[in-house]
Amino acid sequence: MNLPNQISLDNFVLNVSRASERGITFNYGEILKGQVSEIKDNGLISIFIKGKLIEAATEVMVNKGQQLFLMVDDVRDGKVVLKVLTPELLSKIENTNIAANLRNIGVTADNDNLAMAKKLIQHNLPVTADMLKNMARGVNLLGANTPRNLEIVGLAMAKQVPLNNSTLQALAQFVEGKPDLASLLRELTHVIARLTDESKGQMAPPNLGANRAMSQTSAPIRELIIPAEEAAKGEKIAANRNLNNAEVLRGNINNKVFIPSPESESRGQMPSTANIATSTNLASTSQLTNLTNNILPLLNQLLENLTLPINSGADTEQIEKIVQALQNNLTNDKDFIRNLALVKDIIKQIDSPALNKALINTLISNMEDLEKEFIGQRVFNVMTKGAGDSNLNYYYVSFPVKIEDEYRLCQLKIDKKLGSKTLLEQDNIKIAVSLATANLGEVLFHVDWYKKGLIKLQGVVETDFAATYIRTNIKSLLSALEGKDYTVEFNGITVVSDEAEEMRVHLNELDEVIKPYVIDIRI
Numbered sequence: 008m009n010l011p012n013q014i015s016l017d018n019f020v021l022n023v024s025r026a027s028e029r030g031i032t033f034n035y036g037e038i039l040k041g042q043v044s045e046i047k048d049n050g051l052i053s054i055f056i057k058g059k060l061i062e063a064a065t066e067v068m069v070n071k072g073q074q075l076f077l078m079v080d081d082v083r084d085g086k087v088v089l090k091v092l093t094p095e096l097l098s099k100i101e102n103t104n105i106a107a108n109l110r111n112i113g114v115t116a117d118n119d120n121l122a123m124a125k126k127l128i129q130h131n132l133p134v135t136a137d138m139l140k141n142m143a144r145g146v147n148l149l150g151a152n153t154p155r156n157l158e159i160v161g162l163a164m165a166k167q168v169p170l171n172n173s174t175l176q177a178l179a180q181f182v183e184g185k186p187d188l189a190s191l192l193r194e195l196t197h198v199i200a201r202l203t204d205e206s207k208g209q210m211a212p213p214n215l216g217a218n219r220a221m222s223q224t225s226a227p228i229r230e231l232i233i234p235a236e237e238a239a240k241g242e243k244i245a246a247n248r249n250l251n252n253a254e255v256l257r258g259n260i261n262n263k264v265f266i267p268s269p270e271s272e273s274r275g276q277m278p279s280t281a282n283i284a285t286s287t288n289l290a291s292t293s294q295l296t297n298l299t300n301n302i303l304p305l306l307n308q309l310l311e312n313l314t315l316p317i318n319s320g321a322d323t324e325q326i327e328k329i330v331q332a333l334q335n336n337l338t339n340d341k342d343f344i345r346n347l348a349l350v351k352d353i354i355k356q357i358d359s360p361a362l363n364k365a366l367i368n369t370l371i372s373n374m375e376d377l378e379k380e381f382i383g384q385r386v387f388n389v390m391t392k393g394a395g396d397s398n399l400n401y402y403y404v405s406f407p408v409k410i411e412d413e414y415r416l417c418q419l420k421i422d423k424k425l426g427s428k429t430l431l432e433q434d435n436i437k438i439a440v441s442l443a444t445a446n447l448g449e450v451l452f453h454v455d456w457y458k459k460g461l462i463k464l465q466g467v468v469e470t471d472f473a474a475t476y477i478r479t480n481i482k483s484l485l486s487a488l489e490g491k492d493y494t495v496e497f498n499g500i501t502v503v504s505d506e507a508e509e510m511r512v513h514l515n516e517l518d519e520v521i522k523p524y525v526i527d528i529r530i
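Structural data, given as structure tokens:
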């Protein structure tokens with residue numbers, strides 16, 4: 008590979024003199040990363056290269072603090088000539104090196120494999136044939152070899168997350184940020200209400216005479232087990248506001264509804280056409296009854312337990328119950344996911360011509376999105392454990408709240424400090440908390456909490472109107488915190504229109520890994 012020819016159109020040159028006297032060795036073709044420290048007179052600059060601050064003469068217009076990618080182009084007359092690489096030229100050189108190494112391990116150097124190899128290198132993972140196959144499998148589960156899918160799969164592999172369909176799909180939806188929990192609950196409750204109304208309108212009293220006649224024709228009875236809500240247990244769940252109701256849910260699957268089966272060939276008898284029609288109609292009615300009276304109320308109960316009701320006039324006791332409910336929900340999210348999946352599978356098994364199939368499909372789709380949101384959030388927080396990446400230095404939690412019968416999204420972002428201490432053992436914790444409100448838009452507070460009893464607050468809103476309103480009414484919040492024996496330092500309200508976007512989890516591209524000499528492909 009003739010590297011000088013690849014950059015012959017680039018006339019930007021840095022002449023570095025007496026480099027060897029500073030203990031720095033340069034090799035022809037080596038790619039370096041430097042940062043401009045100081046701009047001096049007469050075309051001289053100070054630049055950090057290989058951990059050393061050296062002086063160089065430049066033919067390039069540079070700025071203080073600017074990062075440059077450089078290639079050793081020549082060493083002559085005691086000087087080292089470095090050429091500045093544009094991103095396009097840098098990518099071309101990198102691709103050439105990667106392609107050569109891919110061929111060395113017996114892998115075709117096509118665009119897909121090049122992109123996957125670069126992503127593995129970026130996450131400090133070995134580039135082997137098996138690793139490329141695993142990444143390709145994960146990318147295919149997400150649909151296509153796109154930068155977004157590569158980043159999701161690469162991060163999952165780096166954090167040792169299982170590359171299965173449910174996990175990757177959940178993580179992909181989660182980092183997209185849409186739909187959020189509040190919008191999903193709004194849609195789900197709307198669909199449940201429509202299904203309930205339509206099902207009640209189509210349910211008819213059972214024809215007992217036809218049922219007796221059919222039972223006398225030896226048509227066998229098929230037993231279908233469908234969960235029925237137990238009032239006492241349901242009230243207990245609502246009172247506790249606890250998602251940990253897996254035992255209750257499984258215990259409810261004990262009320263048996265007997266549905267006459269139209270099949271009778273096993274007994275050598277063919278039921279009459281009238282009996283078949285009657286049997287099918289009764290089966291459909293029974294399924295509608297159970298969907299309306301048992302399954303949909305149970306799903307509503309699950310969603311209600313997930314939601315925190317917030318009232319403007321809540322007293323101290325109510326606030327403490329809300330805090331306890333939030334703690335329960337966060338620690339029992341696995342049970343909620345399991346229960347939601349169980350109810351979803353039961354609904355999928357219901358087959359009645361009287362059902363509105365479009366609404367049922369919408370209901371199932373929304374339940375799957377809700378399941379993905381919880382799984383994705385859980386997977387993301389697992390990935391942050393022990394992570395040293397700058398874009399994974401926090402925990403993220405979102406949950407729906409209900410304010411005046413409206414679902415709103417509340418989000419928490421908790422800075423994660425490296426070290427052996429848990430959150431409960433920290434002396435200082437930085438938290439960002441936001442709430443999507445009906446009249447003020449997104450309201451966000453940066454909270455700096457200190458164990459010694461100090462809280463620093465900085466508010467962020469989207470409009471001047473919201474800022475004025477909060478400044479006028481902030482005393483009630485400050486008084487409530489001071490009533491908890493905190494010293495509160497309020498640092499005002501800032502209007503920033505795009506601050507809310509920073510709350511949601513996004514996968515930021517990590518810095519490209521540029522290694523000296525050649526890109527490191529490990530076999």
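Per the numbering used here, residue 8 is the first one in the sequence shown, and the count goes up by one each step.
Glycine is no exception: its CB is placed at the ideal position from the N, C-alpha and C atoms.
Residue i versus residue j: straight-line alpha-carbon distance, rounded
i      : j      : result
Val454 : Leu464 : 5 Å
Leu313 : Asn339 : 10 Å
Val330 : Leu488 : 15 Å
Val512 : Asp358 : 39 Å
Asn156 : Tyr403 : 21 Å
Gln334 : Thr369 : 31 Å
Ala136 : Lys86  : 42 Å
Arg83  : Lys57  : 20 Å
Asn111 : Lys392 : 36 Å
Asn214 : Ile199 : Confidence at Asn214 is low in this model, with a pLDDT of 49, below 50, so its placement is unreliable and no value can be given for it.
Ser279 : Thr296 : Residue confidence for Ser279 is low, a pLDDT of 40 falling below 50, so the modelled location carries little weight; the figure read from the coordinates is stated next. Their Cα atoms are separated by approximately 26 Å.
Met510 : Ala361 : 44 Å
Lys355 : Lys140 : 34 Å
Leu298 : Asp434 : 51 Å
Gln176 : Gly383 : 8 Å
Tyr401 : Lys420 : 6 Å
Ile326 : Lys491 : 13 Å
Leu309 : Ser483 : 33 Å
Lys71  : Ser53  : 9 Å
Val475 : Asp48  : A quick correction: the sequence has Thr, not Val, at residue 475. Roughly 50 Å separates the two Cα atoms.
Phe33  : Met68  : 23 Å
Arg201 : Gly113 : 58 Å
Ile481 : Phe452 : 12 Å
Thr153 : Asn102 : 17 Å
Lys90  : Asp117 : 28 Å
Leu305 : Thr429 : 37 Å
CB contact flag (residue i, residue j, <8 Å)
i      : j      : result
Phe149 : Ala179 : Looking at the sequence itself, residue 149 is Leu, so the reference to Phe does not match. Cβ distance < 8 Å, so Leu149 and Ala179 count as in contact.
Val88  : Gly36  : no
Ala473 : Gly448 : yes
Glu62  : Leu51  : yes
Lys341 : Ile371 : no
Glu183 : Asn373 : no
Leu337 : Leu188 : no
Leu109 : Asn120 : yes
Leu461 : Glu496 : yes
Phe55  : Phe387 : no
Nearest residue (CA-CA) to residue i, options the options
i      : options                           : result
Leu192 : Leu315, Arg155 and Asp81          : Leu315
Glu378 : Asp434, Phe343, Thr135 and Leu333 : Phe343
Thr174 : Ala163, Glu183 and Gly184         : Ala163
Gly466 : Arg478, Thr296, Gly145 and Arg385 : Arg478
Ile436 : Ala165, Lys166, Val503 and Lys424 : Lys424
Asn171 : Lys207, Val146 and Gly184         : Val146
Ala443 : Leu295, Ile410 and Leu430         : Ile410
Asn346 : Lys185, Ser405, Ala177 and Glu375 : Glu375
Tyr414 : Leu485, Glu311, Ala124 and Met390 : Glu311
Met138 : Val160, Thr153 and Asp117         : Val160
Leu92  : Ser486, Asn104, Lys328 and Leu77  : Leu77
Val440 : Lys428, Val468 and Leu430         : Val468
Arg385 : Ala332, Thr494 and Ser405         : Ser405
Met390 : Ile438, Pro169, Ala64 and Lys185  : Pro169
Tyr457 : Ser486, Leu485, Tyr493 and Ala445 : Tyr493
Gln167 : Gln73, Glu205, Leu132 and Leu349  : Leu132
8 Å contact criterion, which residue i and residue j should meet: CB distance rounded
i      : j      : result
Ile542 : Lys59  : Past the boundaries of the shown model lies residue 542; the chain is included only from 8 to 530, so the question cannot be answered.
Ile302 : Ile353 : 6 Å
Val134 : Ala124 : 5 Å
Thr470 : Val502 : 7 Å
Ala165 : His130 : 4 Å
Glu205 : Asn363 : 6 Å
CB contact check: residue i to chain C, cutoff 8 Å
i      : result
Arg385 : Absent from the structure: chain C. Only one protein chain is present.
- Task: Determine, using beta-carbon pairs with one atom in the stretch 39-55 and one in the stretch 96-109, whether at least three such pairs fall under 8 Å.
- Result: Verdict: no, contact absent.
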